[in-house]
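Chemist: Its first residue numbered 300, the sequence shown is counted upward by one per residue in the numbering used here.
We put the beta carbon where it would ideally sit given N, CA and C, even for glycine.
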Amino acid sequence: MIRATYGKDPGQLDYVEFDEGIKRDFKVGDLVGEANRAQGYRLSSGWDLVDNAGGWASQGLVLRDTSANDSINLERRLPEFFSPFMIEFQYIPFTASYFDILVGNMTAGKNKYPINMRVEGNNLIIDGKTYENVFKASGASHVRVDVDTYTKTYEVVIDSKVIVSDVPFDCDINAFSVFRFVTDKATKSFFRIYPFAIKAGYVMNEDFRCESNGDIELYNWTVDGKTGVAQDNAENVDPWHRIITSGTTIKRSFRPQSGVITFETQIIFKSKKDGSRVEIGNSEGGNIALFTKDGDIWYDAGNGNTGVIWEGFMTDVWYEYKLEIDMTNHKCLFHVNSFQKVDADITADMTKADYVKISSDKTEGDFWVDDIVVFNGTYNDNNEVPEPEPPKGYGEYNLVMQTCDMWREGTHFGYDCLHPWATRTPFLGYLEEGNPEVSDWQTKWMVDHGLNVFTPCWYMPNDAKSAPKNPRNGYSLDQGFMNSKYQDYIQFSIKLTYAGVNEGEENWLKYYVAYWIEHYFKHPSYFKVNNQPVIFCFNTSEFTSKWGQDTARVLEEAREMCREAGFDGALFLSCNGAERTFGWDYGYKYCYNDIANGYAGAITTALKMNENLNVNTPWIFTMSQGWGDESWGRDSRKLNMNLDDWKATAEWGKNVYMPSMPQDDVLLSKTMTFGNWNEYCEGHTLAPSNITGFGYLDMIREVFYPDAEPHEDIKPDKKWDQMSAMLW
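Next up, the structure:
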């Protein structure tokens, strides 16, 4: 990788260095997770068309081989690993297609592919044997390949039916590092392999995506009673969940584990019913669980040690269960929605774990379950991020850093767009959001420089018409920050980017506001003013174009829901300002697209926004260092604000603007927002990068915390580059 940086003059490089990217150490996680589309028709970031003589490949992993004499070779390199893993994808043939699926080691020779499968029309061929009509002739077939590196065998499951088990590896290797689709040279093909995932390192990983419509056999589980497939519109990538009906128990065994393990799942209650139980245990004796009783969620640590962990669960809200189990020291840290915790002594009989069991009492109602995983260790094993060091006076001001979280390959545009723009490279390299260690580095850098609030974008799930489970592009907050060590050091406040208002106000309140209350507002680190959760909104027009003047009424209904949950209402902030009559409490700005006038232009904008306060919402001062989205293939390069102007603007905001505001209003007199932390492709990046290093952050600290002790800006020794997968 070639790195370069410039100072005040973007045309003059300060230095150039050649930097070899360092692969991320692999433990457990998603090696590949293609869940959204790339920009335009380009391939998703990380995929390479090694040989395209026969045709082309495009976004959404669509391959079209138009030649009867040549092939397409689509490749995805991986960090080397040799732990159990799962390959999962939907196969949609647009015409009869012929291709090979190869998984192996790219450094071990061209023929080193222990997993070697062939698709010919509707048939699957493995080891010379044909399995006929296993794929649908049209529409999607769901394919899952479970690879056991202990026995060096694999199993193929298509639409929840086991096609073949205990297939021995074709050859012996010590590590996997490449996945390939290779079309046939002698035939034409046109097909799609999407969504696509490779998940590795798990003891157990069940997302029920092999399920299709109807009450079909539950793959790899024993069932006592009746289950079914729940399908909703909240997830266009993962719309399937498992229904556990009254009086039903499902159980799945796995290889016995000892020491420290983590067990997670997600649960949604479709009616206010008790009697659900999610249990992990030892078949020879001993188990622990989370269960519902008297309208609450309880923990069961064994030996009669039970208690309430979550009071008053809601219907139609997904709840996340997480158990960090230490079977050596007989301890368990029970979590609900990551932040509600109970640290309990567990039964001494549980010296190992070898099954998961989920059940619904006969006298109570149905519930749904999804995303069940077990893995060794915890999310923060080997996390060596130094502890944050807040400056003296930290928290006197609300310094709010806006973030735009889309840096997880396969779920947005990825880093391919950024590669040609080496002057914007983050100091963390090409990081993967969702990694708690990455989140802790970003928390440390913000806290060390006096920033005490960050605002991640919140996108509704695609095509959402029911309860959200995995918010789109939500990995940074929901998987990274929520599992990080240092989440108690900083506050967060969601920024509604696309909030689901098109599904109607009833759904918006019932599903989205309820989800925010349970997952975010109740979090002890959520940003609240006078016991009111603060909600930023990027797309204010989304509300007003749909609801018009009724926006004020709907926002007030949301505030009332917050009051019922124990808050004193809620504060809604409109990007670029809005009329008071639409129900917004304050205005703020996302960024300045044009900072040609630097310091003076920023101040002029702030003063202008406060000209007509009888009509418009009062304005929270925003700082931004510019804009430039050429990386997205556009042409709107503007200069980055130089550090002298940046400091002068901060001083004016602190010493002139905020003191002129009503001093009893915390959001006006003590709050400043900054845009943006990580908009690398749009150029207005404040996170440590080779634009100005830590320059922008150091100036914030210097202006707002002049009495702070000198500090050292620390960078990690390791980097996350384009070969880094989604691992933690």
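From what residue to what residue does the alpha helix (DSSP H) around P494 run?
Modeler: As a first step, residue 494 must be located in the sequence shown, where it is residue number 195. Careful: P494 lies outside any alpha helix (DSSP H), inside the beta strand (DSSP E) at S488 to A499.
Chemist: Do I386 and I497 come within 7 angstroms of each other at the CB atom, strictly closer than that value?
Modeler: Counting from 1 along the sequence shown, the entry for residue 497 is found at position 198. Counting from 1 along the sequence shown, the entry for residue 386 is found at position 87. Yes, they are a contact pair.
Chemist: Which of the three DSSP states, helix, strand or coil, is assigned to M649?
Modeler: As a working mapping, residue 649 is identified with position 350 in the sequence shown. Residue state, collapsed to three classes: coil.
Chemist: Just the C-alpha distance for D369 and K484, rounded to the nearest angstrom, thanks.
Modeler: Locating residue 369 in the sequence shown gives position 70, counting from the first residue. Locating residue 484 in the sequence shown gives position 185, counting from the first residue. Cα to Cα, the separation comes out at about 4 angstroms.
Chemist: Just checking my contact of F553 with V502 at CB under 8 angstroms: how many whole Å lie between their CB atoms?
Modeler: To locate residue 553, count along the sequence shown from 1; it is residue 254. To locate residue 502, count along the sequence shown from 1; it is residue 203. With 8 angstroms as the limit, F553 and V502 qualify as a contact, their Cβ atoms being about 5 angstroms apart.
Chemist: Under a Cβ-count criterion, where at least 16 other Cβ atoms within 10 Å of its own Cβ denotes burial, should H1010 be classed as buried or exposed?
Modeler: The residue you call residue 1010 lines up with position 711 of the sequence shown. The residue is exposed, with fewer than 16 neighbouring Cβ atoms inside 10 Å.
Chemist: Could you tell me which of D1006, G558 and S545 sits nearest to I573, measuring between CA atoms?
Modeler: Locating residue 573 in the sequence shown gives position 274, where the first residue counts as 1. Note that residue 573 is Asp in the sequence shown here, rather than Ile. With distances taken between Cα atoms, D573 lies closest to S545.
Chemist: What is the DSSP secondary structure of I596, counted as helix, strand or coil?
Modeler: Taking the first residue of the sequence shown as 1, we reach residue 596 at position 297. Correct three-state label for I596: strand.
Chemist: Per DSSP, D347 is paired with what?
Modeler: Position 48 of the sequence shown, counted from the first residue, corresponds to residue 347. Paired residues: E374.
Chemist: For the beta strand (DSSP E) containing W617, name the first residue and the last one.
Modeler: Numbered from its first residue, the sequence shown carries residue 617 at position 318. Its beta strand (DSSP E) spans residues W617 to D625.
Chemist: What does the alpha-carbon distance come out to for the pair I321 and S783?
Modeler: In the sequence shown, counting from the first residue as 1, residue 321 sits at position 22. In the sequence shown, counting from the first residue as 1, residue 783 sits at position 484. Bear in mind that the predicted position of I321 carries a pLDDT of just 45, short of 50, making it unreliable; the figure below should be weighed with that in mind. I321 and S783: Cα-Cα distance of roughly 22 angstroms.
Chemist: How many angstroms separate the CA atom of Q786 from the CA atom of W744?
Modeler: Numbered from its first residue, the sequence shown carries residue 786 at position 487. Numbered from its first residue, the sequence shown carries residue 744 at position 445. Cα to Cα, Q786 sits roughly 13 angstroms from W744.
Chemist: Runs of 4 residues minimum, wholly inside the stretch 921-953: which ones carry the alpha helix (DSSP H) assignment?
Modeler: Correct list: 942-951.
Chemist: Ends of the beta strand (DSSP E) at C631?
Modeler: Locating residue 631 in the sequence shown gives position 332, counting from the first residue. C631 -> beta strand (DSSP E) spans K630 to V635.
Chemist: Using the beta-carbon count (16 or more within 10 Å), is D599 buried or exposed?
Modeler: The residue you call residue 599 lines up with position 300 of the sequence shown. Result: buried.
Chemist: What residue range does the alpha helix (DSSP H) around D739 cover?
Modeler: Taking the sequence shown and counting its residues from 1, the one referred to as residue 739 is at position 440. Counting along the chain, the alpha helix (DSSP H) containing D739 begins and ends at P735 to D747.
Chemist: Do A798 and M860 have their C-beta atoms closer together than 7 angstroms?
Modeler: Walking along the sequence shown from the start, residue 798 turns up at place 499. Walking along the sequence shown from the start, residue 860 turns up at place 561. No, they are not a contact pair.
Chemist: Spatial neighbours of W346 within its chain, please: C-beta separation below 8 angstroms, excluding the five flanking residues on both sides.
Modeler: Locating residue 346 in the sequence shown gives position 47, counting from the first residue. Cβ within range, chain order: A356, L360, L373, E374 and R375.
Chemist: What is the DSSP secondary structure of V502, reduced to helix, strand or coil?
Modeler: Mapped onto the sequence shown, residue 502 falls at position 203. Looking at V502 - three-state DSSP - the assignment turns out to be coil, as it is neither helix nor strand.
Chemist: Would you kindly work out how many angstroms separate the C-alpha atoms of T521 and P685, rounded to a whole number?
Modeler: Indexing the sequence shown from 1 puts residue 521 at position 222. Indexing the sequence shown from 1 puts residue 685 at position 386. The straight-line gap from Cα to Cα measures roughly 45 angstroms.
Chemist: What whole-angstrom Cβ distance do V461 and R541 have, given they're in contact under 8 angstroms?
Modeler: Taking the sequence shown and counting its residues from 1, the one referred to as residue 461 is at position 162. Taking the sequence shown and counting its residues from 1, the one referred to as residue 541 is at position 242. The Cβ separation is near 18 angstroms, so there is no contact.
Chemist: Alpha carbon to alpha carbon, how far is R1000 from P687? Give it in angstroms, no decimals.
Modeler: Here residue 687 corresponds to residue number 388 of the sequence shown, with the count starting at 1. Here residue 1000 corresponds to residue number 701 of the sequence shown, with the count starting at 1. If I take the Cα positions, the gap works out to 14 angstroms.
Chemist: Per DSSP, what kind of secondary structure is P958 in: helix, strand or coil?
Modeler: Against the sequence shown, residue 958 aligns to sequence position 659. It is helical.
Chemist: Kindly indicate which three-state DSSP category L985 falls into: helix, strand or coil?
Modeler: As a working note, residue 985 is residue 686 in the sequence shown. Coil.
Chemist: Would you mind listing the beta strand (DSSP E) stretches within the stretch 379-410 that are 3+ residues and don't spill past its ends, in chain order?
Modeler: Runs found: 384-392 and 397-403.
Chemist: Apart from the five residues on each side of it in sequence, which residues of its chain come closer than 7 angstroms, Cβ to Cβ, to G952?
Modeler: Counted from its first residue, the sequence shown places residue 952 at position 653. So the qualifying residues of the chain are F920, M922 and M971.
Chemist: Under the three-state reduction of DSSP, which class applies to T429: helix, strand or coil?
Modeler: Counting from 1 along the sequence shown, the entry for residue 429 is found at position 130. Three-state DSSP puts T429 in a strand.
Chemist: For my contact list, T452 and D471 are in at a C-beta cut-off of 8 angstroms; report their separation, rounded to the angstrom.
Modeler: The residue you call residue 452 lines up with position 153 of the sequence shown. The residue you call residue 471 lines up with position 172 of the sequence shown. Their Cβ separation, rounded to whole angstroms, is 12 angstroms, which puts T452 and D471 out of contact at 8 angstroms.
Chemist: I'd like the list of long-range same chain contacts for D665, defined as Cβ closer than 7 angstroms, with 5 residues on each side in sequence excluded.
Modeler: Counting from 1 along the sequence shown, the entry for residue 665 is found at position 366. So the list reads I542, I543, T544, S545, K569 and S659, once near-sequence residues are dropped.
Chemist: Whole angstroms is fine: what's the gap from A439's alpha carbon to E505's?
Modeler: Taking the first residue of the sequence shown as 1, we reach residue 439 at position 140. Taking the first residue of the sequence shown as 1, we reach residue 505 at position 206. Their backbone Cα atoms lie some 20 angstroms apart in a straight line.
Chemist: From what residue to what residue does the alpha helix (DSSP H) around K845 run?
Modeler: For this step, residue 845 is matched to residue 546 along the sequence shown. Looking at the DSSP string, the run of the alpha helix (DSSP H) that includes K845 is T839 to W846.
Chemist: Quick check: the stretch 648-658 against the stretch 474-482, are there 3 or more CB pairs under 8 angstroms?
Modeler: No, they do not touch.
Chemist: Rounded to the nearest angstrom, what separates D747 and F674 at their Cα positions?
Modeler: To locate residue 747, count along the sequence shown from 1; it is residue 448. To locate residue 674, count along the sequence shown from 1; it is residue 375. For D747 and F674, the distance between alpha carbons rounds to 33 angstroms.
Chemist: Just to check my reading of the structure: A877 and T904 have Cβ atoms closer than 8 angstroms, yes? What is that Cβ distance to the nearest angstrom?
Modeler: Counted from its first residue, the sequence shown places residue 877 at position 578. Counted from its first residue, the sequence shown places residue 904 at position 605. At roughly 16 angstroms, the Cβ-Cβ gap does not stay under 8 angstroms, so A877 and T904 are not in contact.
Chemist: With T564 and I671 assumed to form a contact (beta carbons below 8 angstroms), what rounded beta-carbon distance in angstroms separates them?
Modeler: What you label residue 564 is simply residue 265 of the sequence shown in a count that begins at 1. What you label residue 671 is simply residue 372 of the sequence shown in a count that begins at 1. Between I671 and T564 the Cβ distance is about 4 angstroms, and since that is below 8 angstroms, they are a contact.
Chemist: In this structure, does DSSP put G354 in helix, strand or coil?
Modeler: Here the question's residue 354 lines up with position 55 in the sequence shown. Note: G354 maps to strand in three-state DSSP.
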